[in-house]
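What follows is a short report on a single structure.
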Amino acid sequence: MSSNDSTKNPTRVAAGLKSTLARDDVSDQAKITAQQRLDEMGATTDDIDHSLNSHAIGGYKATLTNDATSDRAKAHAKEILEAAGYTVTDEHANTDEHHTRVLAGYKAALHNDRVSAEAKEHAREYLKKHDV
Numbered sequence: 001m002s003s004n005d006s007t008k009n010p011t012r013v014a015a016g017l018k019s020t021l022a023r024d025d026v027s028d029q030a031k032i033t034a035q036q037r038l039d040e041m042g043a044t045t046d047d048i049d050h051s052l053n054s055h056a057i058g059g060y061k062a063t064l065t066n067d068a069t070s071d072r073a074k075a076h077a078k079e080i081l082e083a084a085g086y087t088v089t090d091e092h093a094n095t096d097e098h099h100t101r102v103l104a105g106y107k108a109a110l111h112n113d114r115v116s117a118e119a120k121e122h123a124r125e126y127l128k129k130h131d132v
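full-length UniProt numbering puts the sequence shown at residues 1 to 132.
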C-alpha cells in the first residue's frame, strides 16, 4: 500500500477497485492487481452492486428510459438495478414518469432567471413540439 493510501477513504478506494473489476475495457493484469488489493483490504466483490450510490442508481434508471441507449445497455442497467434490490417491471410506467419529469424540467427552465434566453427558447420549442 502506498503512503498516500492511508489518507484515502477505504470505502472509496474499494469502490474504485471494484469498478476496475467490472469494466470490460480494463486489462486482465489491472483486474488481477485490483483483486489483490481488494483481498489485502479484506473487501469482497459480493457487494459490488449494493455499494452503488444514489447518483449511480439514478443513472441506471435513466438508462432504462433513454431512447438513445442501446438494448444491451438497457439490459445491463436492469441487471444492475435488480442486483441492487430494485424492481424493474413496467418499462412503460418508467418512460411515462421520465417524460413527465423532462416536461416539468423544461417548464421550470422558463421561470428560472438563471437560464439563458437561448435555453428558454429551446424549452419553448420542446414544449410546443410535445403539445404542452
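Even for Gly, the Cβ is constructed at its ideal location relative to N, Cα and C.
DSSP state of residue i mapped onto helix, strand, coil
i      : result
Thr69  : coil
Val26  : coil
Tyr106 : helix
Gly58  : helix
Val13  : helix
Tyr126 : helix
Asp39  : helix
Thr20  : helix
Asp96  : helix
Ser51  : With a pLDDT of only 48 at Ser51, under the threshold of 50, the placement of this residue in the model should not be trusted; the figure read from the coordinates follows. Three-state DSSP puts Ser51 in a helix.
Arg101 : helix
Leu64  : helix
Ala119 : helix
Thr87  : coil
His111 : coil
Leu8   : Note that residue 8 is Lys in the sequence shown here, rather than Leu. Lys8 falls in the coil class under three-state DSSP.
Cβ-Cβ separation, residue j to residue i (assumed contact under 8 Å), whole Å
i     : j     : result
Tyr60 : Ala77 : 4 Å
Lys31 : Leu21 : 6 Å
Met41 : Ala15 : That pair is no contact at about 11 Å.
6 Å Cβ shell around residue i - same chain, five flanking residues per side excluded
i      : result
Leu110 : Lys120, Ala123
Close-in-space but distant-in-sequence residues of the same chain around residue i (CB under 7 Å, 5 per side omitted)
i      : result
His130 : Leu103
Gln35  : Leu21
His50  : For His50, the pLDDT reaches just 42, beneath the cut-off of 50, and the residue's location in the model is therefore unreliable, leaving the point undetermined.
Residue i, buried or exposed, once every other Cβ within 10 Å from all chains shown has been counted against 16
i      : result
Ala108 : exposed
Thr87  : exposed
Lys128 : exposed
Thr65  : buried
Ala83  : exposed
Thr63  : buried
Cβ-heavy atom distance, residue i to the ligand HEM, below 7 Å
i     : result
Lys78 : Although the ligand HEM was asked about, the structure shown includes no ligands whatsoever.
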